[in-house]
Amino acid sequence: MGMYGSKPPPPPPDYTKEKAGWATEQSAEYQTEADAYNQSVSAFNQQLGGQQAGISDLSSQIGGLSIADLGEGAPDYRSQLGEARAGISAANVNTARPSFSSAGMSPWGSVSVNVPALQDPNEGLRSSLLSQVGGLSSTLEGLRRERGAEEGRVNQFRSGALGNIAALRGGIGRTGIGNEFGINQLGSSLDQLRGNISGFTSPIASQLYGDPSGEGVFPTLQSRLGSAQSELTDLGTRRTDELGRIEDFRTTQEGGYDALRGAFAPLTIANEGALRQLGTDIGTQQLGIQRFRSDIPTNFSPTLQNLQSLSGDVKGRLAERESELSRIQGAESRARGIGRDVASQAADTGIYSSSGLQSLEDRIAESQEDFGNFSSVLPFDFGTAQSRLTGAGTTLSDLRGQRSSALDDLISRANVAGSGLGEIPLQDEGAIRERLSSLIGVGGDLAPFSGGRVGDVNAAIAQSQAGIDTRLQELSTKRTEIETGARELLENVGITTFTDLAAVQAQLDELGLVEEKQQLFNATQALDEIGSIQDRLNSEKQRLENDLEASTGASGRERQSILAALGPGGVPQFQDFQSTQPLTAAEYLALLARRQEEDEYGGAGGGYNTGFSSNLGVIQA
Numbered sequence: 010m011g012m013y014g015s016k017p018p019p020p021p022p023d024y025t026k027e028k029a030g031w032a033t034e035q036s037a038e039y040q041t042e043a044d045a046y047n048q049s050v051s052a053f054n055q056q057l058g059g060q061q062a063g064i065s066d067l068s069s070q071i072g073g074l075s076i077a078d079l080g081e082g083a084p085d086y087r088s089q090l091g092e093a094r095a096g097i098s099a100a101n102v103n104t105a106r107p108s109f110s111s112a113g114m115s116p117w118g119s120v121s122v123n124v125p126a127l128q129d130p131n132e133g134l135r136s137s138l139l140s141q142v143g144g145l146s147s148t149l150e151g152l153r154r155e156r157g158a159e160e161g162r163v164n165q166f167r168s169g170a171l172g173n174i175a176a177l178r179g180g181i182g183r184t185g186i187g188n189e190f191g192i193n194q195l196g197s198s199l200d201q202l203r204g205n206i207s208g209f210t211s212p213i214a215s216q217l218y219g220d221p222s223g224e225g226v227f228p229t230l231q232s233r234l235g236s237a238q239s240e241l242t243d244l245g246t247r248r249t250d251e252l253g254r255i256e257d258f259r260t261t262q263e264g265g266y267d268a269l270r271g272a273f274a275p276l277t278i279a280n281e282g283a284l285r286q287l288g289t290d291i292g293t294q295q296l297g298i299q300r301f302r303s304d305i306p307t308n309f310s311p312t313l314q315n316l317q318s319l320s321g322d323v324k325g326r327l328a329e330r331e332s333e334l335s336r337i338q339g340a341e342s343r344a345r346g347i348g349r350d351v352a353s354q355a356a357d358t359g360i361y362s363s364s365g366l367q368s369l370e371d372r373i374a375e376s377q378e379d380f381g382n383f384s385s386v387l388p389f390d391f392g393t394a395q396s397r398l399t400g401a402g403t404t405l406s407d408l409r410g411q412r413s414s415a416l417d418d419l420i421s422r423a424n425v426a427g428s429g430l431g432e433i434p435l436q437d438e439g440a441i442r443e444r445l446s447s448l449i450g451v452g453g454d455l456a457p458f459s460g461g462r463v464g465d466v467n468a469a470i471a472q473s474q475a476g477i478d479t480r481l482q483e484l485s486t487k488r489t490e491i492e493t494g495a496r497e498l499l500e501n502v503g504i505t506t507f508t509d510l511a512a513v514q515a516q517l518d519e520l521g522l523v524e525e526k527q528q529l530f531n532a533t534q535a536l537d538e539i540g541s542i543q544d545r546l547n548s549e550k551q552r553l554e555n556d557l558e559a560s561t562g563a564s565g566r567e568r569q570s571i572l573a574a575l576g577p578g579g580v581p582q583f584q585d586f587q588s589t590q591p592l593t594a595a596e597y598l599a600l601l602a603r604r605q606e607e608d609e610y611g612g613a614g615g616g617y618n619t620g621f622s623s624n625l626g627v628i629q630a
């Protein structure tokens, strides 16, 4: 019997066997369709594989081609690529791709069916092969275009070379032996043409213009180059012969000049007749040179200039005595003037300008050298000028000594200003700045000086200045440290809650140490922080003192209240507390003493109601 008195329902029918049989039949049908499709796909893929092998072979052949391989008799790769493209395009899968479902609906309900695998046609391979065919076609066409361009280049080069050779031979015919530049230019042009022709390279040049003998290319060009070379060689030979004639004449004239120059060498201003005959001979040779003619431009200017110069020498020597006498008189006059000027300048020169002293010394040396180098076949006298220069040199030597002593003194003062700085107490700013003032004085005394050892003095000043600056910076740093300490103390005091006077006094003691440092190092920048700390601590001290005074007064009042509540025998009298245990007088006094102790040592603050007073309801502390 069921819960409600009825029978249970019968179990559902079992169709497992029927479902399995139906699933097996369906799977077999799927497999038959799949096999037919897969066979068609396999045939398609095999067909593409066959095409792939052929394209691979064409790729190897075309990939190794150059434009030289595309001449007459070359394979027709264009037709082969067309056939390959057609074969690839004709390949197809002749069976439609079936569609399967893993879930089937049998007469007995839903059934799971095995789905066979389907092959995929290699369409990617078809696309790849078609792309390869297209690429090979492009490569082949590119090579054909390159060959066409190269044939045009070879033909253009040959035509240009023929024209250049023709122009060169025309230039050779128009050029005379006197045009050296033109002959040289023609030779350079011929060499350049020969180099261009021999240096021209092309993979198909021999196919187009190869020498039948097999020894080169462009035989026509080589033949015409040979003719041009023969014509240019003949022109050069004729020029060489004429140059020889010109050079023989030049040698003769140079020998004639040398003879005339040799005859002039021993002559002096006393040989007037010989000098005048020599002048006549010089004019005769000059006229012979001027009458020489040739198709080649000649230049006898050096010989003519030498003859002209020699003619001038002859004329000059005739007037040499008068000129020499005038020269000696002028030199003696100038020497006396220089001696006076130098002596005057030496007397007026101070010690400050090194360049001024050096300039005057140089002038003395140069003048003495000039006097010493003066020479003449006639007598002369520079004695007075030399004496004045010697005196000026002595004056300059004395000035040099004075200048050196003055600069030594400045260097010493500069070094003294920078010495022993570490021994000066850091807080003695006045002493440090006295050193700085002394150093500034050295700089002022150095100002008039220039050149020479001024740089050494400046170096000494700079070194001492650096030491002084370092000490002043150390003082500044110390003052900053003091200010920083004061600021930190201010921050600490500001955040501290003071509960007793001892804590305030501890901070006041620390503030005193900061004040001592501030006064010692004159750290005025810390005064604001010190003032703020003092105000804060004084305020807290006053507050705590007021609290202590108030607490002491409250304790006295509480004692009086308790005594007033005591009855006979010291027993307190309660208003209405029947359940309260009365305390003795001693106990009350002990309780009062504890309260006072709490007030003194930071227990409950002023205005605190004790437990005892709260129980009484009458005592308010």
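Numbering of the sequence shown is given in the working numbering, commencing with residue 10 and proceeding in unit increments. Each residue gets a CB set at the ideal place from its N, CA and C atoms; glycine is no exception.
Would you report the Cα separation of Gln551 and Val513, rounded to the nearest angstrom? 10 Å
Counterpart residues of Val120 in DSSP-defined beta bridges: Gly113
Assign Gly626 to buried or exposed, taking buried as 16 or more other Cβ atoms, counted over all protein chains shown, within 10 Å of its Cβ. With a pLDDT of only 42 at Gly626, under the threshold of 50, the placement of this residue in the model should not be trusted; the figure read from the coordinates follows. Exposed, by the Cβ-count rule.
Can you check DSSP and say which residues form a bridge with Gly219? Val226
Do you know whose CA, among Thr404, Gly402, Ser376, Leu405, lies nearest Phe391's CA? Ser376
Indicate whether the contact test is met: 3 or more Cβ pairs, each with one atom in the segment 242-257 and one in the segment 177-193, closer than 8 Å. yes
Within 10 angstroms of its Cβ, does Leu202 collect 16 or more other Cβ (buried), or is it exposed? buried
Near Thr312, what residues of its chain come up, given a Cβ to Cβ distance below 8 Å and the 5 sequence neighbours on each side ignored? Arg259, Gln262, Glu263, Tyr266, Ile298
Could you compute how far the alpha carbon of Tyr361 sits from the alpha carbon of Gly400? 21 Å
Out of curiosity, what's the CA-to-CA distance linking Thr148 and Ile71? 8 Å
Cβ pair Pro125, Gln61 closer than 9 Å: no
Mind checking Leu138: buried by the 16 CB within 10 Å criterion, or exposed? buried
Three-pair Cβ contact test at 8 Å for the segment 394-414 versus the segment 434-453: no
For Ser215, I'd like the list of residues in its chain whose CB is within less than 8 Å of its CB, leaving aside the five on either flank, ordered along the chain. Val226
Hey, Gly427 and Arg444: beta-carbon distance below 9 Å or not? yes
Using 10 angstroms around the beta-carbon of Phe301, count the other beta-carbons present and answer buried if the total reaches 16, otherwise exposed. exposed
Of the choices Ala344, Gln314, Arg285, whose alpha-carbon is the least far from that of Gly325? Arg285
Identified DSSP bridge partners for Ser541: Bridge partners of Ser541: none, in fact.
Cβ-based burial, Pro18 [other Cβ within 10 Å; buried from 16]: exposed
Bridge partners - Ser362, DSSP secondary structure assignment: Ser459
Spatial neighbours of Pro20 within its chain, please: C-beta separation below 8 Å, excluding the five flanking residues on both sides. none
To the nearest whole angstrom, what separates the beta carbons of Leu517 and Leu536, a pair I think is in contact under 8 Å? Wrong, their Cβ atoms sit about 17 Å apart, outside the cutoff.
Tell me which residues share the same chain as Phe380 and place their Cβ nearer than 7 Å to its Cβ, disregarding the 5 neighbours each side in the sequence. Ala344, Phe391, Ala394, Gln395
Secondary structure of Asn101, DSSP reduced to three states: coil
For Ile420 and Ser363, what's the separation of their Cα atoms in angstroms? 17 Å
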